[in-house]
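**Student:**
Residue numbers (UniProt numbering), protein chains in the order written: chain Z, 1 to 471; chain X, 1 to 471.
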């Protein structure tokens, strides 16, 4: 992997990306990196994150920069650091040094961009200040990234085609993010039996990322209340009998993400009820991965997860009926209400700034079915795509206590039997999977999924120095 | 301290704050909390931080909420969570529960705010989306927070008067933030001798904050290149002979900040040259703290630091001349180019969103002197203020290699002698200090400053479990 980290590989990769862009979209395009946003006052900013589309073609997280792409050529627009900046932020590379590092054909101050902006396509960035500047320089209305018009929409389509299929450098970066995330999850597991609160485990996980100069790619979910799907806070104390759900992934300095979830017992041992459900979720996870290959519809992978979970819950006596029929009625979604996964790349939900343009094949849209509406990806798989596989089981009060749903699924659910699994609030198992020519590769295979191995990792309880914890 | 954490204390404190506001500013005011900002796509947001002015009067970090203050009354405007939100984010308190928790007199949906906004004063928040909504609802142009007009400027003045002098609840929160930050710095010191990179120490420091559910109040500076004053990255390997500068502070969940810096030897032992300069900086730190009491000008505290550093450098043979004269010529600023500190509160540079309105007494402005222009606070001190005291010594190439400066200070600097201190790149010692009726209290006194004690803490190298590290 070190070979692709050579600057030459970056230059070559970026050239190849823009040449492929030129084939799909021959018109000129300008992509902005965006600027940092003030948190509570202007000088106290959130850590800067460059726009993913910019990162894909510029390779470096430059702040307040823009690139113009046309016919395979790259023009870089950015200002040199001011002398005062050297006092506060140190010496930084010059524009020409950066231009050389990314193989730009030309480099100009930002003020020159106005002479090159007319008639170009673009994609709106996230920060509102830069969006205003985009609109001003292009001298036209700019729609949000999820609703581009005309040329901008064509550019978005071309970028989706490129970014969906990862090149060698992209995969090397994703593997780096996954490698650190695997170490982070193992540190979280090792911390579990001695940790007193969810936040202690979150600290153990994120410390590994910080030690590698990688921020979390998204807000970590580290919770004993796994049934709250996007639970951003970790206030609870841990007790024997709790299951800890940890959904956390690192982001490399050039923006590539990992996205991994494991669920493990605080005590180091699953209760029998927890183990039974865990194995149902794991069976769904394994069945999805076994089915992944080029041309398979991802929606079908989702339905495999749904049917496997339904079948497992029938075996446990929680659901009643034929698994295929239950899934057609969305009964699985009582316990597995979200989609089985999504694209992964520079964004943890890759290209979600473009709405469903990347996730849904042309002409397709969201289902209104309870069991399908949250599916983020509905396309035939292609070699070079990276997707997450993340089935789960949850007891969400807002779903299971809903009188209409209880009535509708009255005969399909054995509520008394379900009550015997009340110690299972939420379980999810998530891996990152590369579609290959012949099937797939689980990129995160170094992080075990089997319940026995999970128990072993949570029982390690190795005494470590701070350094070891952060390694 | 636990007594002030009772909900009743929050309600009473908030009532007292708005009654005092009504005395200073009798007109109605509306303060917005702001919304979260997308990082690389809208659903992947930066962690939400409510506006500090909102937090001061509303007490809770509510997202997309507003409060209206008039004559000591509090009206809360916020929407209830949607049913879908319960699936993704769990059950959240209702508007009326929140209204009760903060002692609101009335509570309404956000759509009602338009009926209450006319003629009110406000302060612009940081996020651009909310600023647009503020302007729209008030039906007028809204200047940035550092340039308010008319009623808004009067409101800002009243808020500065209130927020500058901390009440009991504010002080309890600041003490909480400092307590966690002291533990974090100690963990960083304990990690130093076994850490391989700056990032490993940063991880040890921030893990303690995360374990306490407190984010960093600002981007931590953890670097062996302390001469880069706001060095946000930590890529360097550590080597014996390096000094590690760590400037890091936690923020409580309701927004109150700590701000602490220590500088320590990677090897566990200062070199003689490093120890000599360290003791000069510490002498400046101690002299400032000894001089703090009500009515003393903070600018005078800065000059005490400057003169103490100048005197110490004369004693070491680095500067030549009389310390008072040297400071009048700004010779100290060759090595100590920043101000000695700033206000601390809900913001690490408290109320810096208002520009210098909080930091500078009315009628005063920034000096154009090299040795004073970066001073953030120029007011007489009052009991109840919390300020940082953070003198430093740096060898900044952009300053010391500048031909004009080398010429101007030709006779005041012994450049040959200075070369013997080349292993001292940057040293800063920073504490948080409460001005009391009779003098001051160093709120961060639990974190030692003496070089011998610093060496002991970096030599601890205790083998700890992950839990202990995070405690």
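We put the beta carbon where it would ideally sit given N, CA and C, even for glycine. Keep in mind that this is a model prediction, so the values were computed, not measured.
DSSP has residue 30(X) in a bridge; who is on the other side?
**Tutor:** Here residue 30(X) corresponds to residue number 30 of the second chain, with the count starting at 1. Note: residue 30(X) sits in a beta bridge opposite 68(X).
**Student:** Could you work out which residues of chain X lie near residue 234(Z), taking near to mean beta carbons separated by less than 8 Å?
**Tutor:** One-based indexing of the first chain puts residue 234(Z) at position 234. The contacting residues are 213.
**Student:** Return yes when the Cβ of residue 251(Z) is within less than 9 Å of the Cβ of residue 222(Z), no when it is not.
**Tutor:** The residue labelled residue 222(Z) in the question sits at position 222 within the first chain. The residue labelled residue 251(Z) in the question sits at position 251 within the first chain. For residue 222(Z) and residue 251(Z), no; Cβs fall outside 9 Å.
**Student:** Mind listing which residues of the region 362 to 391 of chain Z have their C-beta closer than 8 Å to chain X's C-betas, in chain order?
**Tutor:** Correct list: empty, as no residue qualifies.
**Student:** Sorted by chain position, which residues of the same chain lie with C-beta nearer than 6 Å to residue 183(X)'s C-beta, five sequence neighbours on each side aside?
**Tutor:** Taking the first residue of the second chain as 1, we reach residue 183(X) at position 183. The answer, listed in chain order, is 208.
**Student:** Distance cutoff 9 Å, beta carbons only. Does residue 455(Z) sit that close to anything in chain X?
**Tutor:** Taking the first chain and counting its residues from 1, the one referred to as residue 455(Z) is at position 455. Answer no: the Cβ-Cβ gap between residue 455(Z) and chain X never drops below 9 Å.
**Student:** If I follow the unbroken alpha helix (DSSP H) through residue 198(Z), where does it start and stop?
**Tutor:** Within the first chain, residue 198(Z) is the residue found at index 198, counting from 1. That run of the alpha helix (DSSP H) goes 198 to 211.
**Student:** Closer than 6 Å by C-beta to residue 79(Z): which residues in its own chain qualify, once you throw out the five before and the five after it? Chain order, please.
**Tutor:** One-based indexing of the first chain puts residue 79(Z) at position 79. So the list reads 109, 110, once near-sequence residues are dropped.
**Student:** According to DSSP, which residues form a beta bridge with residue 386(X)?
**Tutor:** In the second chain, residue 386(X) corresponds to position 386, counting from 1. For residue 386(X), which the question treats as bridged, DSSP gives the partners 434(X).
**Student:** Excluding the 5 residues flanking residue 22(X) on each side, which residues of the same chain have their C-beta closer than 8 Å to its C-beta?
**Tutor:** Here residue 22(X) refers to the residue found at position 22 of the second chain. Same-chain partners within the cutoff: 69, 70, 71, 72.
**Student:** Taking DSSP as the reference, what is the three-state secondary structure of residue 231(X)?
**Tutor:** Position 231 of the second chain holds residue 231(X). Reduced to three states, the DSSP call for residue 231(X) is coil.
**Student:** Is it buried or exposed, residue 141(Z), if we count other Cβ atoms within 10 angstroms and call 16 or more buried?
**Tutor:** Your numbering for residue 141(Z) matches position 141 in the first chain. Exposed, by the Cβ-count rule.
**Student:** In terms of alpha-carbon separation, which member of 336(Z), 385(Z), 247(Z) lies closest to residue 373(Z)?
**Tutor:** Indexing the first chain from 1 puts residue 373(Z) at position 373. Of the candidates 336(Z), 385(Z), 247(Z), the one whose C-alpha sits nearest the C-alpha of residue 373(Z) is 336(Z).
**Student:** Note the first and the last residue of the continuous beta strand (DSSP E) segment covering residue 221(Z).
**Tutor:** Mapped onto the first chain, residue 221(Z) falls at position 221. 221 to 223 is the span of the beta strand (DSSP E), which, as asked, contains residue 221(Z).
**Student:** So what does DSSP say about residue 262(Z), is it helix, strand or coil?
**Tutor:** Stepping through the first chain from its first residue, residue 262(Z) is reached at position 262. Correct three-state label for residue 262(Z): strand.
**Student:** What residue range does the beta strand (DSSP E) around residue 368(Z) cover?
**Tutor:** The residue given as residue 368(Z) occupies position 368 in the first chain. Per DSSP, residue 368(Z) belongs to no beta strand (DSSP E) and is neither H nor E.
**Student:** If you measure from the beta carbon of residue 83(Z) to each beta carbon in chain X, is any gap under 9 Å?
**Tutor:** For this step, residue 83(Z) is matched to residue 83 along the first chain. At least one chain X Cβ lies under 9 Å of residue 83(Z).
**Student:** Identify whether residue 38(Z) lies in helix, strand or coil by the three-state DSSP scheme.
**Tutor:** Your numbering for residue 38(Z) matches position 38 in the first chain. Residue 38(Z) falls in the strand class under three-state DSSP.
**Student:** Excluding the five sequence neighbours on either side, which residues of its own chain have a C-beta within less than 6 Å of the C-beta of residue 65(Z), listed in chain order?
**Tutor:** Position 65 of the first chain, counting from 1, holds the residue named residue 65(Z). The answer, listed in chain order, is 33, 78.
**Student:** Expressed to the nearest angstrom, what Euclidean distance is found between the alpha-carbon atoms of residue 88(Z) and residue 269(Z)?
**Tutor:** The sequence position of residue 88(Z) within the first chain is 88, counting from 1. The sequence position of residue 269(Z) within the first chain is 269, counting from 1. Rounded to the nearest angstrom, the two C-alpha atoms are 51 Å apart.
**Student:** Less than 6 Å between C-beta atoms, sequence neighbours within five positions excluded: which residues of the same chain meet that for residue 188(X)?
**Tutor:** On the second chain, residue 188(X) is found 188 positions in, with the first residue counted as 1. Cβ within range, chain order: 201, 204, 205, 246.
**Student:** Can you tell me the Cα-Cα spacing of residue 115(X) and residue 139(X), whole angstroms?
**Tutor:** Residue 115(X) sits at position 115 when you count from the first residue of the second chain. Residue 139(X) sits at position 139 when you count from the first residue of the second chain. If you take the alpha carbons of residue 115(X) and residue 139(X), they lie about 12 Å apart.
**Student:** Find the residues of chain X that neighbour residue 349(Z), judging by a C-beta separation of less than 8 Å, and give them in chain order.
**Tutor:** Numbered from its first residue, the first chain carries residue 349(Z) at position 349. In chain order: 41, 43, 44.
**Student:** Can you tell me whether DSSP reads residue 446(X) as helix, strand or coil?
**Tutor:** Looking up residue 446(X) in the second chain gives position 446. Coil.
**Student:** Within the 9 Å Cβ cut-off, does residue 341(Z) reach chain X?
**Tutor:** As a first step, residue 341(Z) must be located in the first chain, where it is residue number 341. No - not a single Cβ of chain X is within 9 Å of the one on residue 341(Z).
**Student:** Quick one: does residue 486(X) have its CB under 9 Å from some CB of chain Z?
**Tutor:** Only positions 1 to 471 of chain X appear in this structure, which leaves residue 486(X) out of reach.
**Student:** Against residue 398(Z), what residues of chain X qualify as contacts under a CB-to-CB distance less than 8 Å, listed in chain order?
**Tutor:** As a first step, residue 398(Z) must be located in the first chain, where it is residue number 398. Simply 83, 86, 87, 91.
**Student:** Please name the residue in 276(Z), 255(Z), 375(Z) whose C-alpha comes closest to that of residue 176(Z).
**Tutor:** Numbered from its first residue, the first chain carries residue 176(Z) at position 176. Selected option, being the one with the closest Cα: 255(Z).
**Student:** From the DSSP output, which residues share a beta bridge with residue 426(Z)?
**Tutor:** Translated into positions along the first chain, residue 426(Z) becomes position 426. Paired residues: 394(Z).
**Student:** Would you mind reading off the limits of the alpha helix (DSSP H) that contains residue 57(X)?
**Tutor:** By 1-based counting over the second chain, the position of residue 57(X) is 57. Start and end: 52 to 58.
**Student:** Name the chain Z residues that come within less than 7 Å of residue 52(X), Cβ to Cβ?
**Tutor:** By one-based count along the second chain, residue 52(X) stands at place 52. Residues of chain Z passing the Cβ test: 40.
**Student:** To the nearest angstrom, how far is the alpha carbon of residue 10(X) from that of residue 432(Z)?
**Tutor:** Residue 10(X) sits at position 10 when you count from the first residue of the second chain. Residue 432(Z) sits at position 432 when you count from the first residue of the first chain. Going by the C-alpha atoms only, they are around 46 Å apart.
**Student:** Is the number of C-beta pairs between the region 338 to 353 of chain X and the region 377 to 393 of chain X that are closer than 8 Å three or more?
**Tutor:** In short, these stretches touch, since the Cβ pair count reaches three.
**Student:** Can you tell which of 428(Z), 350(Z), 167(Z), 449(Z) has the C-alpha that lies nearest to the C-alpha of residue 228(Z)?
**Tutor:** Your numbering for residue 228(Z) matches position 228 in the first chain. Selected option, being the one with the closest Cα: 428(Z).
**Student:** Which residues in the same chain have their Cβ closer than 8 Å to the Cβ of residue 282(X), if we skip the five residues on either side of it in sequence?
**Tutor:** Position 282 of the second chain holds residue 282(X). Excluding residues within five positions, the ones whose Cβ falls inside 8 Å are 429, 449, 450, 451.
**Student:** Which one of 258(Z), 243(Z), 232(Z) has the shortest CA to CA distance from residue 274(Z)?
**Tutor:** As a working note, residue 274(Z) is residue 274 in the first chain. Out of 258(Z), 243(Z), 232(Z), 243(Z) has the C-alpha closest to the C-alpha of residue 274(Z).
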